[in-house]
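Novice: My structure is below; once you've seen it, I'll send some questions.
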Amino acid sequence: MKDKKTGTILRILKLTRPHWKLFAGFTLAIMFTAFLDSLGTYITKLIIDDGILADNLEKVIYYCKLYGVVYLTNSISFFIFIYCAGRLGEWIQYDLREKLFNHIQELSFSFFDKSSTGWLLSRITSDTEKMADLATWMLLDAIWAFFNITIALIFMAMINVKLAMIMAIILPLLVITAAKFKNHILGEYRKVRSLNSKITAAYNESFTGVKIVKALTREKMNLRNFGGLTGEMYRTSFRAAWLSALFLPAVQLIITLALGAILWFGGWQIQLGEMTIGGLRSLIGCITFM
């Protein structure tokens, strides 16, 4: 199973090879954006500790200006990786559709006898769009999560190693929860894609063969069959949407537990003089970005 998943991921990555510049662009932009997010939270620590608590107006002004520059740069970096990912997705979609169309021209007549036109249209249109999304936006989410968590943990360790360790201990629980939800959600969406193909095929066959349908008085039977397909797709889509809606609260619950633990332990360390208020505020910011 692992080899199969690895092979699928590698095939998806191969789709980006002709447009490696766009792929490299959005990967570097994601890394830079993740770094600037954590840097911004670290600057808030300096504003509070070295500026406000130290009653140093000059440093407050200086760090506030630096904070503004960081987030202006962050906005530009964010635009770059969204732009590159969007362009990459459109190019991958174009390449897939062109390859599929050219391949269909070379297939034998027997293939078209066995395959419905609606099924083929679904493969060329909606399925290529989903593949392009998988190779860009879903890949972007994975890269973003990896660098965002890694860089945030580094900054947290710079502020307080003990509190960073608490977050590192909770992270595996977050990963396991995400993996469990992923398997269930992916299974439901696969069913949705399969049913969508059948519905598209039923549409096409009903329209192109309307004379035969009328001649054999199959209107009610066709409508009943089509209603069964759409009803099954509704139920499957509802299950997929329900699982997707449940995923975010589950993750937020784990993050809230992490925040509670860090606030309790961090407050205790502040009382002992082992940590600053600005450091605790910065740690909370890092967790929020995760």
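Just so we're aligned: 53 in numbering that gives the first Met the number 0 is position 54 of the sequence shown, and the numbers increase by one with no gaps anywhere. No residue lacks a Cβ here, since even glycine has one placed at the ideal position from N, Cα and C. The structure presented is a predicted model; accordingly, all values stated were derived computationally and were not measured.
Beta-carbon within less than 7 Å of MET232's beta-carbon, same chain only, minus the 5 sequence neighbours each way: which residues are those?
Specialist: So the list reads VAL191, LEU194, ASN195 and ILE198, once near-sequence residues are dropped.
Novice: Hey, ALA260 and ILE165 are a contact pair by Cβ (cut 8 Å); roughly how many whole angstroms apart?
Specialist: With 8 Å as the limit, ALA260 and ILE165 qualify as a contact, their Cβ atoms being about 5 Å apart.
Novice: Quick check: the Cα distance between ILE29 and LYS181, rounded to an integer number of angstroms?
Specialist: Cα-Cα distance, rounded: 23 Å.
Novice: Counting Cβ pairs closer than 8 Å, one from the region 29–41 and one from the region 141–157, do we hit at least three?
Specialist: Yes, the region 29–41 touches the region 141–157.
Novice: Less than 9 Å between the C-beta atoms of LEU242 and ILE169, yes or no?
Specialist: Not closer than 9 Å, so no.
Novice: Excluding the 5 residues flanking LEU282 on each side, which residues of the same chain have their C-beta closer than 7 Å to its C-beta?
Specialist: MET155, ILE158, ASN159, LEU162, ILE261 and GLY265.
Novice: Below 8 Å, is the gap between the Cβ of ALA249 and the nearest heavy atom of the ligand ADP?
Specialist: As far as ligands go, the structure on display features none, and thus does not contain the ligand ADP.
Novice: Quick check on MET137: buried or exposed, where buried means 16 or more other Cβ atoms within 10 Å of its Cβ?
Specialist: Classification for MET137: exposed.
Novice: Ends of the alpha helix (DSSP H) at GLU97?
Specialist: Here the alpha helix (DSSP H) through GLU97 covers 56–104.
Novice: Spatial neighbours of LEU133 within its chain, please: C-beta separation below 7 Å, excluding the five flanking residues on both sides.
Specialist: Same-chain partners within the cutoff: ILE11.
Novice: DSSP state of LEU247, grouped into three classes?
Specialist: Three-state result, LEU247: helix.
Novice: Are the CB atoms of ASN73 and THR32 nearer to each other than 9 Å?
Specialist: Cβ distance < 9 Å, so ASN73 and THR32 count as in contact.
Novice: For THR176 versus ILE103, is the C-beta spacing smaller than 9 Å?
Specialist: Result no, Cβ atoms of THR176 and ILE103 do not sit closer than 9 Å.
Novice: Between the alpha carbons of THR275 and ALA84, how many angstroms are there, rounded?
Specialist: Using only the alpha carbons, I get a separation of about 40 Å.
Novice: Step through the CB atoms of chain C and report whether any lies within less than 9 Å of the CB of LEU52.
Specialist: Any reference to chain C falls outside this structure, which holds one protein chain only.
Novice: Select from THR124, SER76 and GLY50 the residue whose C-alpha is nearest the C-alpha of GLU97.
Specialist: Out of THR124, SER76 and GLY50, THR124 has the C-alpha closest to the C-alpha of GLU97.
Novice: With distances taken Cα to Cα, identify the nearest neighbour of LYS44 among THR229, GLN270, ARG280 and THR287.
Specialist: Checking every option, the nearest Cα to that of LYS44 belongs to ARG280.
Novice: Is ASN159 helix, strand or coil when you go by DSSP?
Specialist: ASN159: coil per DSSP, three-state reduction.
Novice: Within the same chain, show all residues whose beta-carbon is closer than 7 Å to that of LEU228, passing over the 5 residues directly before and after it, in chain order.
Specialist: The residues are LEU194, LYS197, ILE198 and ALA201.
Novice: Ignore the nearest five residues each way along the sequence and tell me which others in PHE22's own chain have a CB closer than 7 Å to its CB.
Specialist: The residues are THR15 and LEU87.
Novice: Is it buried or exposed, SER109, if we count other Cβ atoms within 10 angstroms and call 16 or more buried?
Specialist: Under this definition SER109 is an exposed residue.
Novice: According to DSSP, is SER114 helix, strand or coil?
Specialist: SER114 falls in the coil class under three-state DSSP.
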